[in-house]
Structures are given as C-alpha cells and as structure tokens.
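Residue numbers (our numbering), protein chains in the order written: chain X, 31 to 279; chain W, 2 to 326.
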C-alpha cells in the first residue's frame, strides 16, 4: 500500500511550550486513520502542521512519497490536502453554496460572481455524497450542527481533496446528528479515492469508522493498532497507564 | 376576508418585512408623507435639492463605513479625511498640477491614510476604534497646520466644478453611483464575500485561505478614499475649502446611516443600499424638522432616538429573519 501522507519526527514548540515532541505517522492511500487523545495532547497542533497552517519547528513531511515543506494552507491545498477544522470555518451569514465556494468563488464577466453556476455545482456536489440541506440558498446559520458539519466536509471533498483531515467531526453533536456524519464518512471511505485522517475524542465511534487508530499523548504517539485488533477498552487502558506513568515520571 | 387570502397577505407582508431594506423604506416614505402634510414646501424642487446635498456626503462615506462595520472595523477619522482632501487638491493645483491630477493625488493621499490606519490596526493588533481615534486628531491637526486654520477657495474650471458637485444634483448623482458600485462590490464580487467572511468568522476565513489582512486594510483604504472624495465634492459645491468641514458629525451621520439601513454592529452582515436609505431618513428628519421650525438642540434628541429605534428594530427584525426557517 502506498503512502498518502507521512510525518517524521515532527517537533513543534510555541515559545517554551513543546506541543509536539517527535511525532511520526503515516496515512496510507484510501485509509481512514483515527487520531485519538486528550485535550491539549497535541492533536490539533499536529493537524495544523499537516494542513500547512503551522510550520513545524523540526521534522519532515512527505506527500505521496515526496518530501515537502508546506508553506501555507494554500500550498497544502494545491497538493490535495483539505481540512475541516472543528470550528468548521463556515461563514454563518453566507449561503450554503457561497460557503461551498469560499475563497474559490467562480467569477464570470467583469470578475463578478457566477452565482448560478456555483449554486448548480454546490447542489450537485451535495447530492453526490448524499448530504441533504433545506436549500443551498439557506444561510448556514440556520442549519443544524450535523448539516453544518456535512457542508464543511462536502466543501473539502468537492475541492478535489486527495487527503482529507477532519478535526473532531463528531464533537458536540447528538446521537442522530453524529449518526448522519458517521454514515457520510463511511460513504466517503467506500469511494476509496480519499485518504482520511480524523481527530476524535470518542473511541467507540472512531473505531467504527477508522481502519487504524493512533493515540497522541503529551506530544507523542504512544499507541498504534488496526481498529480490528483493538477495542475502546484497550485504548482507555493505555491512556490510563500512560497518564499515570507520565505523572509519576 | 377569507382565511386563505389573509394567509397570502401575511406571507407577502412577512416576505417584505424580512427583506433587509424594507423597514427603512417604510420609515422614509412615512416621514416624507408626514413632512409634506405638515409643510407643503417639503416636496419642492428647491427643498429636494437642499435635501440631496445633505444626504449625499454621508451616503458616500457610509458605503465605506458599512464595509468596515461588516468586517468589524470602524473609521472614526473619516470626517477629518473629508476635510483634508480638498486642501490637498487646492495646494497641489496651486503648486502647478492640473486640477484633475490634483484630485487624483488627494485621493491617493487619502488611500495612503487608509493604508496607515489598516497597517496599525491589523499589523499591530490595535482596535480600529483606538487607531482612528488617534488619526482623528492627527489628520485634523494636519489640515489645520497646512491651512493655517483659514478657509481657502477652490480651483478648477466651470465644467469640472459643475461635474464635481456644483451642478444642482451632482453630489447625489455621485452618491447613487457610488452606492450602486458599492452594492455590486459587496454582493457580487469575491471581495464582498471575503469582507462578510472576515466579519462573521475571522479565523474561519483565514483557515479557508483568505488573506484577511488584505481585506481589512483594503476596506480602510476604500473608506478613507470615499471620505476624501466626498470632501472634495463638498468643497466644489460650496466653492470654498473649509478646514473644519465634515468632522465627527459627518462621520457619525455616515455610521448612523449604515446602522439605520440595516448593517449589523457585530459584523458579518450589512447592506450598502440600506446605507443610502439610512442617509435619506436622516436627511428627511433634519430637513423636515428644520422646515417645521424645530430647533437644532431638539434635532439631536430626535436623531438619537431615531438611531436607537433603528437599532432596536434591527435586532427585532433580525430575530424574525432567524425564525423564518
């Protein structure tokens, strides 16, 4: 299996704080990787390095086997890396279709927005991955949490993502809503043309979606297994053990 | 009336009410009807001209202030830029530049002021409320220094003077054109979308790869340039360049026009056309009460009340809009 994305020995310091302390991980082609860990463990920092938002203090990234130094989010994007942040980066006061095309707006004559074409393509893209919203003209503020998440994911997928990074896609959502998102992610996984890394809190839900999981704790990866070979109980055990060892040490 | 009919009426009324600019139009029309009924001189050619002259400068500045309010910024010094610009035209022309070029130089200086305000605000992270409070005094001092505190005349031939504000309705024509351009900029261009994005969700906009600093700084530059342009129009119309023209009064009128027109003070949404309508409401109030012989002190009370009512109804209508789904 070939690699979509690989991080080697990533260190990230913010002043005196070491957020990541030598993280190495690989995301294979077409797989879903779950990145688990507590708040402040460094998951979000890792994510922001993979998206080109932060530059690592040291360490090496490679995309499809070629080493790269990501200069910006746009640079990462040009390599097919798309990200859905926890805050979703949606604009509440804009319509669904304007959000789908945020910073990729289609323009026509006189560089004016081509709203008709954006509306058409947004409808198509949402249909394509089975996301339903009341209307693509609706302001995002009026959507439910699950719909908002789905729009954010659809936006990332639609922009020709090869590598999709999701930050807590199931956070702060009711059972029905998170069910919708899990179904959406499983559908995307079934397409097979996307490599997905998702940061999450919930072990059971993550194991349901991911092919493989890693645990991030105090800036390091402490555990890695195929989802089929582990369980929520085992993961919880490892977290407890590490936590005690870390405090004791 | 049958229930069905009533339902249809309520629906269309509902649609009208949730249309952003609707409430301002209703208010403007009611005010015009009231003042015309109280004083038949209201809808005369002479008075409409006076009215248009009052409305135009604040409507032009409002276009800029609305863009700034949408991206959660404000320019408190727009009224001082308004006073500075015609002096630059005057002195540049006296130094030998053709008047058209002198106007362009003045607008370029105004744009530079906007760049400065933007760089300090965005680059150093100073709230624009503070930055422009500083530039308010700074620009005012600059104008007073270069003018020596005395008014100057204006430059330029009759045709240019005519076009640039001296023709009976020149200023309001400029205001309408600028409003139309501003509306297209906000609703139909990437710049407008990104301005809304920056105001609603700064982090999200940055994460989407939008150059948020460029948007914020650019809107400061648009505002200072428009403020300078309005000041130049005003000087050409009056035929005199006054170091104390505009000031905080015109800036507050512009911001009030924007807010009355339906622009949110919390960022992320607004309407340029609403700004022009807001300026019309303020102009009609000012002019109407003047015709009725209400004194100037009373006028401030009325304007204050009007702004409060407008903001309260904005919040209220915003809630109705939110409930519609």
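Glycine included, every Cβ here is placed at the ideal spot set by N, Cα and C.
Minimum Cβ-Cβ distance from residue 107 of chain X to chain W less than 8 Å: The residue you call residue 107 of chain X lines up with position 77 of the first chain. So, interface residue.
Give every residue of the same chain whose Cβ lies closer than 7 Å to the Cβ of residue 171 of chain X, excluding the five residues on either side of it in the sequence, and list them in chain order. Counting from 1 along the first chain, the entry for residue 171 of chain X is found at position 141. Result list for residue 171 of chain X: 122 and 123, in chain order.
Can you give the Cα-Cα distance for residue 98 of chain W and residue 109 of chain W, rounded to whole angstroms? If you number the second chain from 1, residue 98 of chain W lands on position 97. If you number the second chain from 1, residue 109 of chain W lands on position 108. Rounded to whole angstroms, residue 98 of chain W to residue 109 of chain W spans 14 Å at the Cα level.
Where do the N-terminal and C-terminal ends of the beta strand (DSSP E) with residue 57 of chain W fall, by residue? As a working note, residue 57 of chain W is residue 56 in the second chain. Careful: residue 57 of chain W lies outside any beta strand (DSSP E), inside the alpha helix (DSSP H) at 46–71.
Going along chain W in order, which residues have a C-beta closer than 7 Å to the C-beta of residue 115 of chain X? The residue given as residue 115 of chain X occupies position 85 in the first chain. Here the neighbours are 208.
Length of the line joining the Cα atoms of residue 106 of chain X and residue 223 of chain X: Locating residue 106 of chain X in the first chain gives position 76, where the first residue counts as 1. Locating residue 223 of chain X in the first chain gives position 193, where the first residue counts as 1. Using only the alpha carbons, I get a separation of about 18 Å.
Expressed to the nearest angstrom, what Euclidean distance is found between the alpha-carbon atoms of residue 272 of chain X and residue 34 of chain X? Locating residue 272 of chain X in the first chain gives position 242, where the first residue counts as 1. Locating residue 34 of chain X in the first chain gives position 4, where the first residue counts as 1. Approximately 29 Å between the Cα atoms of the pair.
Measuring CB to CB, does residue 37 of chain X end up less than 8 Å from residue 246 of chain X? Position 7 of the first chain, counting from 1, holds the residue named residue 37 of chain X. Position 216 of the first chain, counting from 1, holds the residue named residue 246 of chain X. No. Outside cutoff.
Output yes or no for whether 8 Å exceeds the beta carbon distance between residue 64 of chain W and residue 273 of chain W. Walking along the second chain from the start, residue 64 of chain W turns up at place 63. Walking along the second chain from the start, residue 273 of chain W turns up at place 272. It is a contact, given that the beta carbons lie within the stated cut-off.
Between residue 217 of chain W and residue 119 of chain W, how many whole angstroms is the CB-CB distance? I'm expecting something under 8 Å. By one-based count along the second chain, residue 217 of chain W stands at place 216. By one-based count along the second chain, residue 119 of chain W stands at place 118. Right, the Cβ-Cβ distance comes to about 6 Å (below 8 Å), so this counts as a contact.
Let me know if residue 160 of chain X comes out buried or exposed under the rule of 16 or more other beta-carbons within 10 Å of its beta-carbon. Numbered from 1 along the first chain, position 130 holds the residue referred to as residue 160 of chain X. Residue 160 of chain X comes out exposed.
Please compile the residues from chain W whose C-beta is within a distance smaller than 8 Å of the C-beta of residue 135 of chain X. Residue numbering aside, residue 135 of chain X sits at position 105 when the first chain is read from its first letter. Within chain W, the residues near residue 135 of chain X are 191 and 194.
Identify, in the order they occur along the chain, each residue of the same chain with its Cβ nearer than 7 Å to the Cβ of residue 50 of chain X, setting aside the five sequence neighbours on each side. Along the first chain, read from residue 1 onward, the residue named residue 50 of chain X stands at position 20. Taken in chain order, the residues that qualify are 40, 41, 42, 72, 75, 76 and 249.
Could you tell me the boundaries of the alpha helix (DSSP H) in which residue 116 of chain X lies? Translated into positions along the first chain, residue 116 of chain X becomes position 86. It is not in any alpha helix (DSSP H) - residue 116 of chain X carries neither H nor E in the DSSP assignment.
Residue 190 of chain W versus residue 62 of chain W: straight-line alpha-carbon distance, rounded: Here residue 190 of chain W is taken as the residue at index 189 of the second chain, counted from 1. Here residue 62 of chain W is taken as the residue at index 61 of the second chain, counted from 1. For residue 190 of chain W and residue 62 of chain W, the distance between alpha carbons rounds to 20 Å.
What did DSSP end up calling residue 43 of chain W once you bin it into helix, strand or coil? The residue you call residue 43 of chain W lines up with position 42 of the second chain. Coil at residue 43 of chain W, not helix or strand.
Could you check whether residue 79 of chain W and residue 90 of chain W sit closer than 8 Å to each other, using their CB atoms as the reference points? The residue given as residue 90 of chain W occupies position 89 in the second chain. The residue given as residue 79 of chain W occupies position 78 in the second chain. No, the pair does not count as a contact, with Cβ atoms beyond the cut-off.
Based on the DSSP secondary-structure assignment, which residues constitute the bridge partners of residue 161 of chain X? Start at 1 with the first residue of the first chain, and residue 161 of chain X comes out as number 131. DSSP, once it has assigned bridges, lists no residue as partnering residue 161 of chain X.
Tell me, which residues are paired with residue 193 of chain X by DSSP? Start at 1 with the first residue of the first chain, and residue 193 of chain X comes out as number 163. For residue 193 of chain X, which the question treats as bridged, DSSP gives the partners X:111 and X:225.
Below 8 Å on the Cβ atoms is my guess for residue 60 of chain X versus residue 230 of chain X; work out the distance and round it to an integer in Å. Within the first chain, the letter at position 30 stands for residue 60 of chain X. Within the first chain, the letter at position 200 stands for residue 230 of chain X. In fact, because the Cβ distance is near 19 Å, the residues do not count as touching under 8 Å.
To the nearest angstrom, how far is it from the Cα of residue 179 of chain W to the Cα of residue 162 of chain X? Start at 1 with the first residue of the second chain, and residue 179 of chain W comes out as number 178. Start at 1 with the first residue of the first chain, and residue 162 of chain X comes out as number 132. Taking the straight line from one Cα to the other gives about 40 Å.
Close Cβ partners of residue 284 of chain W (< 6 Å) along its chain, the five nearest in sequence each way excluded: If you number the second chain from 1, residue 284 of chain W lands on position 283. Only 52, 55 and 56 meet the Cβ criterion.
I need the straight-line Cα distance from residue 66 of chain X to residue 134 of chain X, nearest angstrom please. The residue given as residue 66 of chain X occupies position 36 in the first chain. The residue given as residue 134 of chain X occupies position 104 in the first chain. Their Cα atoms are separated by approximately 31 Å.
Closer than 8 Å by beta-carbon distance: list the chain W residues that pair up with residue 122 of chain X, in chain order. Taking the first residue of the first chain as position 1, residue 122 of chain X is located at position 92. The contacting residues are 201, 202 and 269.
Just mark residue 276 of chain X as buried or exposed, buried being the case when its beta carbon has 16 or more other beta carbons within 10 Å. In the first chain, the residue the question calls residue 276 of chain X occupies position 246. The residue is exposed, with fewer than 16 neighbouring Cβ atoms inside 10 Å.
Would you please verify whether the beta carbon of residue 198 of chain W is less than 8 Å from any beta carbon of chain X? Here residue 198 of chain W refers to the residue found at position 197 of the second chain. Yes, its Cβ sits closer than 8 Å to a Cβ of chain X.
Starting from residue 211 of chain W, find everything on chain X with Cβ-Cβ shorter than 8 Å and list it in chain order. For the purposes of this step, residue 211 of chain W is taken as the residue at position 210 of the second chain. Here the neighbours are 132 and 133.
Going along chain W, which residues have a C-beta under 8 Å from residue 128 of chain X? Here residue 128 of chain X corresponds to residue number 98 of the first chain, with the count starting at 1. Within 8 Å Cβ-Cβ: 194.
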